[in-house]
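Chains as they are written, first to last, in my numbering: chain E, 1025 to 1487; chain G, 6 to 377; chain R, -1 to 505.
Think of the CB as a built atom: it goes at the ideal place given N, C-alpha and C, for glycine as much as any other residue.
It should be emphasised that the depicted structure is a prediction, and the values quoted were computed from it without experimental measurement.
Since the structure comes first, as C-alpha cells, the remarks are kept for the end.
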C-alpha cells in the first residue's frame, strides 16, 4: 500500500501497451505508426503538432485525471462521490457566472475580461467548491446519510441549481435569458487549450495527492478510515475531520476540472457538462486498483487507470471510424469489468472455485456466447479490418473473408425507417442454417464442458 | 485452471462467424456486398457529415448523402461519405473534430454546430482547414459575425426566411393576432436563433412572443415544456415548433390534453410522425426544410472542393466572393393540410414552395423519403 | 463411528493439517484441544462440509464419504455450532432454526405457525425461555447459542460439533449448556467439543485428542490424564504457574471516578451505569467482573470517551478533571483502550503489522506531517521486540498473526502512546493458553513499570490471578469491591447477581 509500484500496476502498464499496440495494428490507417514516425523524423512543425493523437490522449488524461484523483481519495477513505460530474457542471457554470457578473459587457461582446476578473472568478469558484465538499461531509457525518445518498442528492440538485443560476444571471446582466454562457476570453481559454497547463496541473496535483496518501500521517489515517472506520475512531483519530478533508478534496478537484472544461469547450453548458463523468472517474480509480470497500488503492494506480481508459477510448475511435461512440460505452464497460474481474479471478481460482457450475453456470456460458455473437456480428458488419503491410509501399492489403468459402452473401438495403441502423437482408439460406448449426454446436460444447467440470469435482454423494 | 479456455470457445466461434459475414463499409444502396478482392481501401478518402444530435431529420440528410455517393460516383474517385451522429453536446463535436484531425484520410467535413458561437468548435474547424481539410457547415451555421472564416460555405436553410414563413403561417391562421410560445432544442443554436427571430418578424406586431423554451433535445423535456406552457399561459393561442421533433411533442401533449380546438399548431420540419399527424388534422402548417439537399449538396460541394472541380463549386455557389455568396439555400416549403386551410400560396415568399399535404407526399415518394 | 484417515489440507503458504488420523466413537463426547493455529477449526470445517478440497478420507459409519457442501454434511447427520454464530440477526429465532428448510403449508406458502410450534418445543428441551418469534438480534448471546443448537436438533443430527461454545456465556448459561449436553448425550448424540478450557474439557469429555501444529499429538481417555499433561501436550512445553503476588506496589492515585452514571434511554432499567465510584492507582491491576450486560464495556467506553452518550459524573486523571467527547482526547490525555472484538473494532485487516502498531502514535514518527520511514520502523520494531510478537516480519499482513499475537500488537499500539492508564476489554478472548500466559506476564511487567491497568474479563480465575482489586458490577451498579486476599469466585458471583441490595462494604 505504501510501496511504490505493485504488481497489479505493472499489469496495468502492460495492458496500456497492449491496447496501444492493438490499436496500432488494427487501425488500417496506422495512425499511431505514422505519428511516431513523424515524431522522430522531424519536420517544420513543433513536436506536439506531429502527434495529434498522443496530444489528445494526454490532454484528456489530464482532464479526467484531475478529478479521478479526488474520486480515488474518497474511495480509499471508504466513501464514494457520485457528484463529480455535477460539481464539474456547477463550478464551471459558477465560474462563468462570476465572470459575467464582474464583466458583463466584455463577456457578451467577446472582448477580453482581464486577468484580475479571471483570477477572482476562479478563486470564488474554488471557495464554493470547498463549501460543497463541506456540505457533503456535513450530510454524511452529522446528518448520517450514507455517502451514496448524500452525493446522489447533489448529483441531481447541483446541475439544476447551476442552470437556474445561469439563466437568472444572464437575464439580469444581459437582458436575455440564456441556458448557457459562451466563453470567448482567450486568456481564460488558454488555461485549458494550452496543453501544458492542464498536464502540469495534473502532474502537480497527482504528486501532491500521492505524497499525502503514502507519506503523511493524514494519509495513513485515511487508509485506516477506509479499512475499518470503527477501529480508526477507537484509535483516537478524528474520523469526521478526515471525511471532511476527503470530500473537500474531491469537490475542489472536480471544480478545477470544471473550470478547465469550460475553457476547453469555450462555454458553460450546465445541463450537459460533465454528464456521466463521475462514473468515468470511479471506473478509472477501480481499474487502477482502488477497492470500493475502502482502504485499498493508490494514486499511481489511478493515474494509470485514467491513462488506460483514455487509450482504450482513443483506440475505439481509431478502429471504428464512424459512429465510435455507439460502441464506446459497451467496450469501456466490458473493459472495466474484465480489469476488475481479473484480480478476483486470480484469487478465486487459487481456491479452486468453479465458475460455470450448475444451472446458472450453463446460462452464463450461453450468455457469453450470445454476447460474443452479438458483438462479433455488430463488429463484423460495421467494422472493416484490413491487414496492411506497413513496411512495403503499395503492398495490397489482405482481407479475411470466410464468407466466400461458405458461400454466404449479404445484401445491404438502406432503409428510411430507422436512422441509426441499416438493415441487412441475408440472401442465402445457408446463413440461417449455419447460424442454427453454430448455435447448436455452442450449446453442445457448453453442455459437454459442464459435465467434464462436474466430473472433475468428484461429486460422489453418499448412499 | 478451470476457467479461461472454456469461456473463450464461444467467443471464438462467435467472432469467426461474425468475421466471416463481415462486409465492408462502402455505403451503397442496393448492391450485393460480397467478396471484394482488394478494393480501393488502400488510398480511400472520407467525407463526413457531423450532425448536431440524433433525430429523424438527419435520416433524410443521410439519404441525400447516399444518393450523392451513388450518382456522383464517389467510389470512382476513391471517396466514401458517411454521417456521424453527435451526442447533442458541444464537447462531443470538439472531440470528434479533434479525432478527425488526427486521421489523414479525411478530406471533407460538414458540420451542424450545436452552439453557434462556441469558440472551441470554430478553432477546431480552423485547425482542420489549416491542415487542408475542407470544412463546411450544414443545417446550422456558425456565428457569421465571428467565425465566418472557419468554414468554406454554409449549405442549409435560410433560417431567418424560414422563421418568417412560419410566422406568416401563424398570422394567416389567426389574422386578429394572438400569443405564441416557441419550442426548440438548443436555444443557442444559430438556426434556432434565426428561426425564432424570423417568426417574430413574420407574425408581425399583432402577435406576442410569450416564451422560448429549450429542451436540449430531450423528447421528454420537450413534452414537459409544452405542458408547462399550456398551464402557465391562459392567453396562449399558437404553439410554434422550431426543431423537427418539437412537432410530435406538441401534438402528443395537445392530444393528451384534448385541447386541439384551442390552439393553432405550426411547426418546422416534417418528421414522418408529424406528416401522419397533419394527415390526422393535428397540425395546421409545416415549414419544411430540405435536409435531403443538405446531405446531397454537402457531399457534392466537398467532393468538388477536394477534386478542385471549379465548375461544380461555382454551380453550387454561383455568387462566391460576394456578400452572401458562401451560402447555398436549400429552400423551404410550406405544407398545409389538403382541405380547410385558410393559407394560400400568395401569402408567402416567391421562393417558397407551397404544397398541400398529398402533393408533399408525392414529392417525398419521388425521392424515396419518409420525411424531411 | 467417524473415522478420519490421513487427512491433509494445504493452503497457499501453510499446511493446516498434516496426516491427521482420528476416530470418534458413537455416542461419546470427544474433546479436541490445541492452541490457535493447531488445526482444530480446519478439521471441523472439513467434517462439516465447509472445506471440500483436501487429501485423505472420511469414513462415516463404515462408508467413505465426500461432501460437496455443507448441505451434504447436514444430510449425513453432521451439524456444527460455530464459535461465531451463524444466525441472521434480523430474522426471528424460529425463522433461523428452519432457515433453508422452511415448513410449507398445503398451498406452498410459509407455515409460520407450524414452525413456531416446532421451535417452541425444541427450545423448551434446551431450557430456553425465549419467544420463538423474537428477533435474534435482541437475544442474549447465550440464547442465541441455544437457537443454533435448536437448529442442529431440528436437523436430528447424530453428530454435533461445538466450537468453543462457552466463550461468550455467563456462568448460569454455561451450567444450562452442560445440562443440555447431558440430555443430548442421553439421546445418543455424538459430540465433538472444541475448547481451550481445561476444566470444561475434564468435566465433559470421554476422550481428548490433542492437536499441535496441524498434527495429531495424542488421543487420551479423560480418566487417564490430567489438565497439566494435556496442556503440556498442547504447547509442547511446561506452562509455569505464574505467581503474581505483591511483586508490585500500588502507587499514587492516577484515575478517580466519582458518581459516574450513564443513562439508557428507552430501557426499563433507565441506566446502563449508576453512581460508579472508584480509584485506580499506578502499578495496579484493577479487574471488573460482572455478568453480560452489567456494564463493563460501557464503563470502559465512558473512561475512554468513546461512549455514544455522554456520561454524567466526574472523571479525574491525575487529579485533573477530564471531559472526553472523543477518543482522541482520551488518547492525548494518556488513556488507551484495547477493545473487545479485535477483528471488528481493533485491527486494520488490510494493513501490515507495522502499520497496525504505529497507527496511534504516527505523529511521533513524523516530521511536519510527513512520516519518516526509519522512525516508524524503529517504533514498530521496538514494540514487536518488547512484547515478543511472533511474526514473519513487521511487513507481514496483520491477519497472518495468531490471535494472541494480534492482541499483543494492539497492546503495543497503545503502549506507543505512552499511556498513564490502559483499559483492556476482555483481552484474552480467543487467545490460546500459551499466549494467555504471555499476556499475563506482560500486564504484570507493565504494572511494574508504573502503568495503571483496568481489566474486564468473564473468566473469574483469570481475574483472581491477575488483579490486585476486583470491582463487581451488577446491572450497572457497583456492588462489590474486593481486594486480592478477600476475593473468591463465590463472592464475586454473589456480587454479580445481587439484586437491589446495598453495595457490600469493602475495606
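Does any residue of chain E bring its CB to less than 7 Å from the CB of residue i?
i: residue 0 of chain R; result: no
i: residue 96 of chain G; result: yes
i: residue 361 of chain R; result: yes
i: residue 357 of chain R; result: yes
i: residue 123 of chain G; result: yes
i: residue 197 of chain G; result: no
i: residue 221 of chain G; result: yes
i: residue 153 of chain G; result: no
i: residue 159 of chain R; result: no
i: residue 110 of chain G; result: yes
Which residues does DSSP list as the beta-bridge partners of residue i?
i: residue 350 of chain R; result: R:395
i: residue 472 of chain R; result: R:475
i: residue 62 of chain R; result: R:57
i: residue 20 of chain R; result: R:2
i: residue 378 of chain G; result: Since the first residue of chain G shown is 6 and the last is 377, residue 378 of chain G is not available in this structure.
Could you say which of the options lies nearest to residue i if we only look at CA atoms?
i: residue 142 of chain G; options: G:130, G:241, G:238 and G:347; result: G:130
i: residue 136 of chain R; options: R:446, R:7, R:124 and R:86; result: R:86
i: residue 1114 of chain E; options: E:1079, E:1329 and E:1283; result: E:1283
i: residue 163 of chain R; options: R:428, R:37, R:445 and R:95; result: R:428
i: residue 1174 of chain E; options: E:1108, E:1093 and E:1210; result: E:1108
i: residue 1146 of chain E; options: E:1157, E:1138 and E:1119; result: E:1119
i: residue 364 of chain G; options: G:315, G:288, G:154 and G:284; result: G:284
i: residue 127 of chain G; options: G:314, G:262 and G:154; result: G:154
i: residue 163 of chain G; options: G:265, G:140, G:174 and G:198; result: G:198
i: residue 179 of chain R; options: R:25, R:303, R:348 and R:269; result: R:25
Under 7 Å, Cβ to Cβ, is there at least one residue of chain G near residue i?
i: residue 1357 of chain E; result: no
i: residue 1325 of chain E; result: no
i: residue 1564 of chain E; result: Coverage of chain E is limited to positions 1025 through 1487, which leaves residue 1564 of chain E absent and any answer about it impossible.
i: residue 1103 of chain E; result: no
i: residue 1304 of chain E; result: no
For residue i and chain R, any beta-carbon pair shorter than 7 Å?
i: residue 1504 of chain E; result: No answer is possible for residue 1504 of chain E: it lies beyond the span of chain E, which begins at 1025 and ends at 1487.
i: residue 1165 of chain E; result: no
i: residue 1320 of chain E; result: yes
How about the stretch 1310 to 1321 of chain E and the stretch 1184 to 1200 of chain E: do they share at least three Cβ pairs that are nearer than 8 Å? Output reads no: the stretch 1184 to 1200 of chain E does not touch the stretch 1310 to 1321 of chain E.
Are three or more beta carbon pairs between the stretch 458 to 472 of chain R and the stretch 281 to 299 of chain R nearer than 8 Å? By the Cβ rule, the stretch 458 to 472 of chain R counts as touching the stretch 281 to 299 of chain R, because three or more pairs are nearer than 8 Å.
Taking three-plus beta-carbon pairs below 8 Å as touching, is the stretch 218 to 235 of chain G in contact with the stretch 269 to 284 of chain G? Three or more Cβ pairs closer than 8 Å define a contact, and the stretch 218 to 235 of chain G falls short of that threshold against the stretch 269 to 284 of chain G.
Would you list, in chain order, the members of the stretch 1274 to 1289 of chain E that have their beta-carbon closer than 9 Å to a beta-carbon of chain G? Answer in chain order: 1285, 1287, 1288 and 1289.
What are the residues in the stretch 137 to 151 of chain G lying within 8 Å of chain E by C-beta distance? Listed in sequence order: 151.
Determine, using beta-carbon pairs with one atom in the stretch 88 to 95 of chain R and one in the stretch 140 to 153 of chain R, whether at least three such pairs fall under 8 Å. They touch, by the three-pair rule.
How about the stretch 329 to 337 of chain G and the stretch 287 to 296 of chain G: do they share at least three Cβ pairs that are nearer than 8 Å? Here the stretch 329 to 337 of chain G lies against the stretch 287 to 296 of chain G, with 3 or more beta-carbon pairs under 8 Å apart.
Segment contact, 8 Å Cβ cut-off, at least three pairs: the stretch 479 to 488 of chain R with the stretch 246 to 265 of chain R: The answer is no - the stretch 246 to 265 of chain R does not touch the stretch 479 to 488 of chain R, with fewer than three Cβ pairs under 8 Å.
Please confirm if the stretch 414 to 423 of chain R is in contact with the stretch 325 to 342 of chain R, defined as three or more CB-CB distances below 8 Å between the two stretches. Counting Cβ pairs under 8 Å, three or more are found: they touch.
Between the stretch 1164 to 1171 of chain E and the stretch 1060 to 1078 of chain E, do at least 3 Cβ pairs fall closer than 8 Å? At 8 Å Cβ cutoff, the stretches do not touch.
So, does the stretch 148 to 155 of chain R touch the stretch 210 to 217 of chain R, judging by three or more C-beta pairs under 8 Å? Because the criterion of three Cβ pairs below 8 Å is not met, the stretch 148 to 155 of chain R and the stretch 210 to 217 of chain R do not touch.
Examine the Cβ distances between the stretch 1081 to 1095 of chain E and the stretch 1300 to 1307 of chain E and report whether three or more of them are shorter than 8 Å. Touching, yes, given that three or more Cβ pairs across the two stretches are closer than 8 Å.
Just by C-beta distance, which residues in the stretch 1179 to 1206 of chain E are closer than 7 Å to chain R? Within the stretch 1179 to 1206 of chain E, no residue has a Cβ that lies closer than 7 Å to any Cβ of chain R.
Using a Cβ cut-off of 9 Å, which residues of the stretch 55 to 80 of chain R contact any Cβ in chain E, in chain order? Per Cβ criterion, the list reads 58, 61, 62, 63, 64, 65, 66, 70, 73 and 74.
Under 8 Å (Cβ pairs) to chain E, residues found in the stretch 223 to 247 of chain G: From the stretch 223 to 247 of chain G, no residue has a Cβ closer than 8 Å to chain E.
With a threshold of 8 Å, are at least 3 pairs of Cβ atoms found where one atom belongs to the stretch 452 to 461 of chain R and the other to the stretch 289 to 299 of chain R? Between the stretch 452 to 461 of chain R and the stretch 289 to 299 of chain R, the count of Cβ pairs shorter than 8 Å is three or higher; the stretches touch.
Does the stretch 1197 to 1211 of chain E come close enough to the stretch 1245 to 1258 of chain E that 3 or more CB-CB pairs lie under 8 Å? Output reads no: the stretch 1197 to 1211 of chain E does not touch the stretch 1245 to 1258 of chain E.
Which residues, in chain order, does the stretch 1258 to 1269 of chain E contribute to contact with chain R at a C-beta distance below 7 Å? So the list reads 1258, 1259, 1260, 1261 and 1262, given in the order they occur along the chain.
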